[in-house]
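Q:
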Amino acid sequence: MNIGKTGEKGESLVAGFMRKNGCTVIKRNYQCRFGEIDIIAEKGEYIIFTEVKTRREGGMVSPAESVNLKKQRRIALTAEDFLYKYVSPLQPRFDVAEVTVYKRRDGSDGYKLNYIKNAF
Numbered sequence: 008m009n010i011g012k013t014g015e016k017g018e019s020l021v022a023g024f025m026r027k028n029g030c031t032v033i034k035r036n037y038q039c040r041f042g043e044i045d046i047i048a049e050k051g052e053y054i055i056f057t058e059v060k061t062r063r064e065g066g067m068v069s070p071a072e073s074v075n076l077k078k079q080r081r082i083a084l085t086a087e088d089f090l091y092k093y094v095s096p097l098q099p100r101f102d103v104a105e106v107t108v109y110k111r112r113d114g115s116d117g118y119k120l121n122y123i124k125n126a127f
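Quick note: the sequence shown uses this note's numbering, first residue 8, plus one each step.
Structure below.
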C-alpha cells in the first residue's frame with residue numbers, strides 16, 4: 008500500500024470511529040494557507056480538530072510524537088482560520104489519532120487505533 012493510500016485509509020478509519028462514538032464529522036481535509044486539518048467534528052459542547060497520523064509498525068517514534076510543537080501551532084492557526092470562516096459557539100478541542108498498520112499472519116494489513124483526546 009502506498010503512503011497516500013495508507014494515510015487516506017487511516018483517516019477513513021478514524022472518521023468511522025468518531026461517528027461510532029457520537030461525533031458528527033463536518034469536514035475532512037480542511038485546508039488554508041496555514042495548513043490542513045484531517046478531520047473536524049462536533050460532539051456535545053466541543054468542536055474537535057483531529058490530526059490523524061498513520062504509520063507502519065516498527066517506527067522510531069510513535070505517530071503522536073510526530074505532532075511536534077511546530078505542527079501543533081500550524082493546526083491551531085488552521086483551526087482559527089476555520090472558526091473565522093465558520094463561526095461556532097462550541098469549545099475547540101485538539102485530538103490526535105494514531106493509526107498503526109501491521110501485517111497479519113495472512114499477509115493483509117491490520118490497523119490499531121489509539122485516539123488521544125485533548126492531545127494539546
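C-beta: ideal position from N, C-alpha, C; glycine also.
With a threshold of 6 Å on Cβ separation, who are the neighbours of Q79 within its own chain once the five nearest residues in sequence on each side are excluded?
A: Contacts found: F127.
Q: Would a C-beta distance cut-off of 8 Å place E58 and I33 closer than the cut-off?
A: Taking 8 Å as the Cβ cut-off, E58 and I33 do not qualify as a contacting pair.
Q: Compare the beta carbon distance of N121 and E105 with 8 Å and say whether it is the shorter of the two.
A: Their beta carbons are under 8 Å apart, which means N121 touches E105 by this criterion.
Q: Grouping DSSP H, G and I as helix and E and B as strand, with all else coil, what is K124?
A: Of the three classes helix, strand and coil, the one that applies to K124 here is coil, per DSSP.
Q: What does the Cβ neighbour count give for T31, buried or exposed, with the cut at 16 atoms within 10 Å?
A: It counts as exposed.
Q: Do Y37 and I44 have their CB atoms nearer than 8 Å?
A: A contact, by the Cβ cut-off of 8 Å.
Q: Would you kindly work out how many angstroms separate the C-alpha atoms of I55 and R112, rounded to a whole number?
A: Using only the alpha carbons, I get a separation of about 36 Å.
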